[in-house]
Every structure is written in structure tokens, then in C-alpha cells.
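Visitor: Same order as they appear, the protein sequences are chains Z and V.
Position one of the first sequence corresponds to residue 4 (our numbering), numbered consecutively onward.
Position one of the second sequence corresponds to residue 4 (our numbering), numbered consecutively onward.
For every residue, glycine included, the Cβ atom is placed at its ideal position computed from N, Cα and C.
Since the model is a prediction, treat every value here as computed from it, not as a measurement.
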Amino acid sequence: MKNELTAINVDILIVGAGPAGLAAAIAAKKAGIDSLIVLEREENAGGILRQCIHNGFGLHRFKEELTGPEYAQRDIDTAGEMGIDVRTGVTVLSVTNDKVVTAISKKYGLQIFKAKAVVLAMGCRERPRGALGIPGTRCAGIYSAGTAQKFVNLEGYMPGRRVVILGSGDIGLIMARRMTLQGAKVLACVELMPFSSGLNRNIVQCLHDYNIPLYLSHTVTDIHGKDRVTGVTVSKVDENRRPIPGTEIEFECDTLLLSVGLIPENELTVGAGVDICPATSGAVVDDSLQTSVPGIFACGNVLHVHDLVDFVSGESFKAGQAAADYVRGREHAGRAIPVRDGAGVRGAVPQQIRLEKGAQHANVDIMFRPDRVYQNPYVVVTADGKPIFSQKKMIMAPGEMANITLTEKQLAACEDAQAIEVSISLEKPAM
Amino acid sequence: MYDAIIIGAGVVGCAVAQQLSRYAGRLLVIDRMEDVADGASKANSGIVHAGFDAHPGTEKARLNVKGAKMYKELAGELGVPYGQPGALVLGFSEDDRATLNKLLEQANANGVEGCRIVERDEILKMEPNTNPAVVCALHAPTSGLVSPYEMTCALADSAAENGAEFILNNPVLEIKPTADGNWLVITGRDEYKTRAVVNCAGMGSGVLHNMISTRRVKLIARRGEYYLLDHAAEMPFHMTMFQCPTKMGKGVLVSPTTHGNILLGPTADDIDDGYDTATTRKGLDNVMDKVRLTWKNANLRLTITTFSGIRAHEEHGDFIIGKVEGAPAGAFEAVGVESPGLSAAPAIGQELGDEVAAFLGLDRKDDWKKPTPIPKAFRVMTDEERAEAYAKNPEYGTLVCRCEQVTEAEIRAAIRRPVGARSIDGVKRRTRAGMGRCQGGFCSPRVMEILCEELGVSPLEITKCGGDSRLLVGTLHDIAKEARPDEK
């Protein structure tokens, strides 16, 4: 028996129907692209927002506080009203550099799509225990915070009663509160770095409000228990993040939740031959969110891990619009000028800005994270070493993505530059 | 009354069971753990050693070489991943050269084919990522790789398809001879009478031996810790890279696995608790220190997990295989089966199985069923094969584990196998779901659901690996009520 595997032609194929994929689809449809398919591996659209039942989503975009499912539903409804073809339960197996997308699903079987443009919106995943090399036993009771969140919020089960959380990422903080409200005892939140990697509002609302101690510059150095976790050892670390002998604290617990970082899920991206940026673990993109492979775009957490979904949506609208322009033959032209991480800056996106000399330039947003906490710093952008932008900030922390906007005039000053650099300075630059 | 009870469902016990299943007899396999391969067989280097390490004249040498030669055909029959990339034992000094020459002599004495000493330039041509400080190496082209737990599961299935019973989660407390010349095996849940008993209990085999024999054996628990790295776009090494052996074992290796991961380890530390498979900071750091001798630029960025396994080292250093000396008739054993035990397992299974059958006077079955090979994994299928698999079973259309591309069809099949998966780890070992870079973060809730559907149990009963390793402690309502009993 031989199945026919004829390719299905489509203008834009979007991988992922989380907030990024949905926003890209809505923007592309608005731009007039009708031949548009969104493929989602889960049975429902909405991505990780489906299990984020707490509120605080949408403050920037909708000017109101929504829960994760409410935020997602708005885009799902919009996509539905616009007649966008969102197919769930479909897993993309590969994307090639000539934009052939192979997918499989229970409903449609194996399908091959030939797309004019592809938008990658697969999101990210959590760093697991194994990747940290924490010694100890490999018993039950060790979960990434998101897995625990899925058990609690989507399945209705508690993964444990006495909990220690390693890492102060936002999902871990949210789960500290969630599990406390549900009757668990959260004993501690332990963070390797001298600062939290989560949003300050989550530290306050999820830890302080429930008297959960936050141990900065500490880490889990041993895990005990044969079948199920019975306890963990927490140690203080030195400035090189090495555990200091003699500082061990023992916690009796049945659960260790990990919130130690999110990793953009770029297996398909790598398979497509797209260049990956070591600082973000996402694709290298230009200011239209186009990757190193023409016609393949990336947006949302697969590009770089965001803190707020509002910015995911914003970025993804641009990617959808740019993909539509590409399909129409209105490619984002101009010479690609690299954007480099300068002092204090990690993972500036986009990594390239395309400028056509003498043309009108649309504003370009650059997002990045500071490498540590800064009080009253300046964000400085230089073109070949010459400052073209400076902005004073009150406080910057790695847990909060920074965002600056370069205007028409500032971009015009970059037209002939070989490189643009973003840095953080404690002194006001001479402009 | 059984004809034979095999204690221990590791690779040796299951190989013996498969061999015995060729004979017309009533056969039972019991194990303390909830799954087969749940001891040393799941946590070792997965190397089918060529056979140059063991001293000529030992059981280790003989059975290693014999077993290794059986692997290709056996793995093919069972549908278990196997490869033969060869191995290099690296030497970094002229002292090491002397050691390598000695290994070469042993190889020749043991009947290992094709071994030779290679020099630096050739080594760097074969494996460009080798530390350039290398001087010479022993090249053993017949060194192989196998997935040890998949091998064990497949042997167990084959035995079960031919009538062997498996009662797992069933720790043996006592074995004793009965007045009528048979044996009684008493476990945590029942008593079983049998004509012959075969002790393949790995780390537990010493205690069982000493229970029935006047001749003592002493097993030392020698723990080895490992790092497992993710599939990389470019594999740093294609062969198994050993360093010169020491008295504690074959030293730290860098090796690909049959699934394209890279394995680093093991250490060798003697410990008191033969079941303590915790990893330690010291052990893991030790792995990396030693790995850098082989692979100078090794980095841990691709680490998926760390683990440890325990070798059952008999104090005199050799395997003890056959009739239990100093015990009444009908008792057989495979004791002290540490490395190269995996390599030797097919040979041990064949010889010990035949010996037990001869003792029992069992006849070969005419209707022995050949193993049903494990179907090709979706992960390695071509598009055409995937389309075909879907056409036969649409559950191939749902990917449950995205990292290792494992489908719902394969997970259900793993649970339905003759000795099927009963836990998250059981599914993982049989399908690789959860074996990838996210370590089950995304797929474990879904695997749990499928286990519940297949086994007809509640999620609260699903364990990671049997015993008290339940993943969930209660419903939201249960736990909230427990915490605040007075609230409505």
C-alpha cells in the first residue's frame, strides 16, 4: 500500500496556535492573505496560556486584566470570526529551507505543505532537572513548574503537599501561590543568582504575600528519596555560583518544582537551516522578524523568551504582516546591519536591522535583557561606536525584558553603519 | 509447581528465561521491581564489548566473546537497536602503550578479531575530536552498542510469548530446599514451589546464594555515574572511546548510544547500599574531569540527564555461572555479573538455560514462537513508512513525545506488550517517550492518561517507577480539604 503524498500549496503556513501563532495569523489575514493555515499540535489552540488561569494578562494590549485562557480566547475568537483555518492535533515534523512543511495528525494523516512563507511560533519549553546536573536520586516528585501547573490547572490533581521551588522564574512563582492556595505548604523558593529571574510583581504577589521565603544565591545540592522525594539539601553559593560547604539547609518535602529557565523550542528551526543566535537560543532575525532563510519568520517565545504575552502578540502581528508582505513580493529590503550585544546587554532582538539608504524607515523596537540588576542606568545605542540613542531607566533587572524604540531619525543615522550596538551604561553618554 | 523459577528480570534473567522458554516446562520469572530491566540492566554503558579486557581463561573472557558474537543476529531477531561502530582505547604515554599492547595480546588470546594498535595521526583521522595529546590506541572494530533496557524488554516479551510467567514487584525473601527435593521461593506476596531455581538477581544475587550454599560469595556494589547528552547536529565521536583500564574497571568512556545520544562515564565507587543509585556532585565532577582527557572540548550544554548504575562486583572478579556449588541439586545461578555482563548475557542465557533444561530433563518445544520484532520506531521512519503506519493505525497520527517523536500508537503498544509497561518509566524505556531533552515535561501528563485508559486505573495510581513513586498525591479537592478540614 502506498499513500499519495502530494504537496498542498499554501501562501502562509504558521507553526503553532499559541498567542504568537494566532497573532501572526490574524495580522496576515488582515493584510489580505486568504491562503493561510495554522497547525497546532495540542488538541486546543491557545498554547501555554490555557493552563495559566491566574490573571494579569493583557494589561498592555487590552488595558484590562485577563486570565490566560481569557486572553487566548480573544485571539481564538478573532481567528474564528475571520475564518482562519486553525488545525489542532497536528504535529509538524519538519520544515525545510524551501518551506516544505511535513505534518501528521490523527485526523488528516501525513501531510506535506508547500508554503510561500512560514511563520515559526512553537514557543518554548522548560529546562528540566537533568540539564542542571543536580545530584541525588531520580525519584518521583520532581517536576518542572509548568508540568505541575498542567496537572493542577488542567487535570485537577495535586503533584505534592510539601514543596520546594528551585529557580524564581515566573511559572515557579505563580505555582508557589497556586499550590499554597490549594492546601500545599511551599517551604522555600531557592534562586541561584543574587536576583530573581521573575517579574517583581510576581515576587510580591506570589511569595511575599504568602510568607514564602526566597533564598537568593542558594541552590539545591542534593535530592533525597528512593521512590518519591523525601527532602532536598539547599546550599548557599559563592560569587562563582559554587555551593559553599557548611551552609547546607535540609528541607523535608515531597516535591521539588523547577523554574530554572525557558528554552525556545527550535528543533524545527534548526532543521530548516535557520541561523540560531547563541544569546537567545532563537533564530537570528531582522527587524521584519525574517530569519536567515528568506520567507521563514519567527516570533514569540520560539524567537526569544518573553515575560509578557502582550509583547508576544505585538511582535507576532509584525511577523504576520511581514510574511504577508513577503508573499506579495514586497520583501523587506535594504542592507542588513548587525545589532550587537554591548556591555550589560544579553540577547538583543532583532539581530539585524535592514535599512535602505534614503528610504523612509519605520520605527524599530529592540528587546533585550540586562545581564544583572542596574539602578538608574542608561541604555545606549551606537552606530559604529557613535551614540545615536540614549535613554535613562530607573531600574533594570534580568527578570524584566527591556524594550527601546529607534525612530526614523535615529535609524537614518545608522544607514552607513557596519554595526549597531546596544549597551547599558551607568554614565550618561555624550550624544 | 514450576519447573524453574528465575529470580531477577534483568538482561541475564530474561536471556535465561528466553532460552528456557524453548523447552516444554512451566517457567516463572520474578523480580523485586515493578518492571524488567529495572536494575543494572537499565543503567550501564550499553556497550557490547569486543572482549579484549577480560583475562584469558576467565568466564568473563569466554562469555563476553561468545555473547558479543551472538548480538547482531539476536538484536535483529528481537528488533532491538544495535550497532557496531568499533572502539578505540586511547593511550597518552608510552606506559599506556605497554597497557595497550597487553590488551592486544589478550584480544588475540580471547579470540577477538581485527584488533590492532593505531597511531596518533590515524586516530585523529578516525575521530577528529580526540584530544590531540593522544599517542596511540587499540582499535577494536567489533565493539558494538545496544540499547540494554530495550534488549531486556524484548527478551522478556519473547519468553512470555512462549509461556513464561512474569510476576514483578515481588521481592524474594527466602529460598529453601524442600524435603521432597524441590525448592520453595518465598516472596513478599506469595510462596512458589519449583523443581529448579535460577538466581539471576544482580546485586541481590549474593544474598540469595549465601542463603542456600555452604560456600560464601561476597558482592561489592560498585557504582558508576554518567552524563547523557542530547542528540547533536554533529556527533563528536562515532566510536566508543575508552581510556586505559584500571583495577576498578574500564574507566571513563565517551560513546554514542544506539539512539544518537552521547554517554559520558562511568565512575567506579564502591558503596555500601547496593541499591543506592543516587548521583553525587563528586562523582559527576569526576566524570567530567576524566572525560576531558578523551574529549578536550567536552561541554555539558547538551546534558539531558545524569544517572548512575551499580555493578555487582564479585570480590574475586569473575562471573560465577552454573550450578550453585555447596547447595542441594536444582539450584543454578549467575552471580557477579558486572561488565561485560551485558555483552555476555546472550551466551549466559543460552548456556545456563540449556544447563537447567538438561537438569530438568525438558524437551525442546516444536512450537516455539520466534520473537515478534519490535516495530520500527516512528522517529526513524521515512515519510512513506509514516503514511503507511498511519493508514494501518491512525494513532500514529498523534505525537505524544515531541522531543523523541513518539506516537500514541507506540505508547499503547508498549503497554500491551506481553511484559508491558506499567509506569511512566516503563513506557519511557520501551518507547523513548520522556527520554528527550524536555525529560517528560510535556508528555508525562499525556502518557499518564494513556496508562490510565489502558490499565483502567486512576491517575492517582500511576507511578514513575513502581513502589511509592506515585506522581500525584490527590485531587485538588482532597488536598485542600486535608489542609483546611473545617472549611466547606
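In whole angstroms, give me the CA-to-CA distance for V51/V and L81/V.
Guide: So the alpha carbons of these two residues sit roughly 16 Å apart.
Visitor: DSSP state of S199/Z, grouped into three classes?
Guide: coil
Visitor: Which one of A433/Z, R349/Z, E43/Z, P72/Z has the shortest CA to CA distance from S284/Z?
Guide: R349/Z
Visitor: If you drop the 5 nearest sequence neighbours on each side, which residues of the same chain put their C-beta closer than 6 Å to that of L16/Z?
Guide: I40, V104, F116, A118, V121
Visitor: For G42/V and D88/Z, what's the separation of their Cα atoms in angstroms?
Guide: 50 Å
Visitor: Report yes if the CB atom of R164/Z is closer than 9 Å to the CB atom of E485/V, and no otherwise.
Guide: yes
Visitor: Measuring only the C-alpha atoms, how far is V263/Z from S220/Z?
Guide: 13 Å
Visitor: Taking only beta-carbon atoms, is I247/Z less than 9 Å away from chain V?
Guide: no
Visitor: For M196/Z, go through chain V and note every residue whose CB falls closer than 7 Å to its CB, in chain order.
Guide: The premise fails here: M196/Z is roughly 18 Å from chain V at the closest Cβ pair, so nothing lies under 7 Å.
Visitor: Identify the continuous beta strand (DSSP E) that holds I324/V and give its terminal residues.
Guide: Here the beta strand (DSSP E) through I324/V covers 323–326.
Visitor: Here's the rule I'm using: 16 or more other beta-carbon atoms within 10 Å means buried, otherwise exposed. How should T249/V be labelled?
Guide: T249/V comes out exposed.
Visitor: Under 7 Å between beta-carbons, which chain V residues line up against G163/Z? List them in chain order, please.
Guide: V476
Visitor: Name the chain V residues that come within less than 8 Å of E129/Z, Cβ to Cβ?
Guide: C441, G444
Visitor: For P378/V and T478/V, what's the separation of their Cα atoms in angstroms?
Guide: 37 Å
Visitor: Roughly how many angstroms lie between the CA atoms of F245/V and K299/V, to the nearest whole one?
Guide: 14 Å
Visitor: Starting from R132/Z, find everything on chain V with Cβ-Cβ shorter than 8 Å and list it in chain order.
Guide: T308, Q442
Visitor: Note down, in chain order, every chain V residue with its Cβ under 9 Å from the Cβ of R180/Z.
Guide: By Cβ distance, chain V contributes nothing, its closest Cβ being about 14 Å from R180/Z, past 9 Å.
Visitor: Which residues, in order along the segment 138–154 of chain Z, keep a beta-carbon less than 7 Å from a beta-carbon of chain V?
Guide: P138, G139, T140, R141, C142, A143, S147, G149, T150, K153, F154
Visitor: With distance defined between alpha-carbon atoms, name the residue in D357/V, F362/V, L148/V nearest to T261/V.
Guide: L148/V
Visitor: Quick check: is the beta carbon of D278/Z nearer than 9 Å to any beta carbon in chain V?
Guide: no
Visitor: Based on DSSP bridge pairs, tell me the residues matched to G227/V.
Guide: G312/V
Visitor: Can you give the beta carbon distance from V193/Z to V167/Z, rounded, assuming they're within the 8 Å contact cut?
Guide: Contact holds; Cβ gap of about 7 Å.
Visitor: Taking C-alpha atoms, which residue in G364/V, D56/V, E341/V lies nearest to C247/V?
Guide: D56/V
Visitor: Does K5/Z have its Cβ less than 9 Å from a Cβ in chain V?
Guide: No answer about K5/Z holds up, because its pLDDT of 43 lies below 50 and its placement is not dependable.
Visitor: Compare the C-beta of R231/Z with all C-beta atoms of chain V and state if any pair is closer than 9 Å.
Guide: yes
Visitor: Using alpha carbons as the reference points, say which of V121/V, R284/V, Y230/V, A182/V lies closest to F95/V.
Guide: When C-alpha distances from F95/V are compared across V121/V, R284/V, Y230/V, A182/V, the shortest belongs to V121/V.
Visitor: Can you give the Cα-Cα distance for Q21/V and K373/V, rounded to whole angstroms?
Guide: 10 Å
Visitor: How far does the alpha helix (DSSP H) with R65/V in it extend, from its first residue to its last?
Guide: 62–81
Visitor: Determine, using beta carbons only, whether G28/V and A360/V come nearer to each other than 9 Å.
Guide: Yes. Within cutoff.
Visitor: Just to confirm the assignment: which complete alpha helix (DSSP H) runs, minimum length 4, are found wholly within the segment 73–155 of chain V?
Guide: Look at the segment 73–155 of chain V and you find these whole runs of alpha helix (DSSP H), each 4 residues long or longer: 97–113, 123–129.
Visitor: I think P180/V touches G49/V, with their Cβ atoms under 8 Å apart; what is that distance to the nearest whole Å?
Guide: Not really, about 38 Å apart at Cβ, beyond 8 Å.
Visitor: Is it right to say Q114/Z is buried, meaning 16 or more other beta carbons lie within 10 angstroms of its own, or is it exposed?
Guide: buried
Visitor: When DSSP labels each residue in this structure, what does M161/Z get in the three-state scheme?
Guide: Look at M161/Z here: in three-state DSSP terms it is strand.
Visitor: Residues of chain Z with CB closer than 7 Å to the CB of T261/V, please, in chain order.
Guide: Here the premise fails: no neighbours, minimum Cβ distance about 19 Å.
Visitor: Using 9 Å as the limit for Cβ to Cβ distance, is Y381/Z near chain V?
Guide: no
Visitor: Pop quiz: V223/Z and L169/Z are said to be a contact at Cβ under 8 Å. What is the actual Cβ separation, rounded to whole angstroms?
Guide: Their Cβ separation, rounded to whole angstroms, is 5 Å, which keeps V223/Z and L169/Z in contact under 8 Å.
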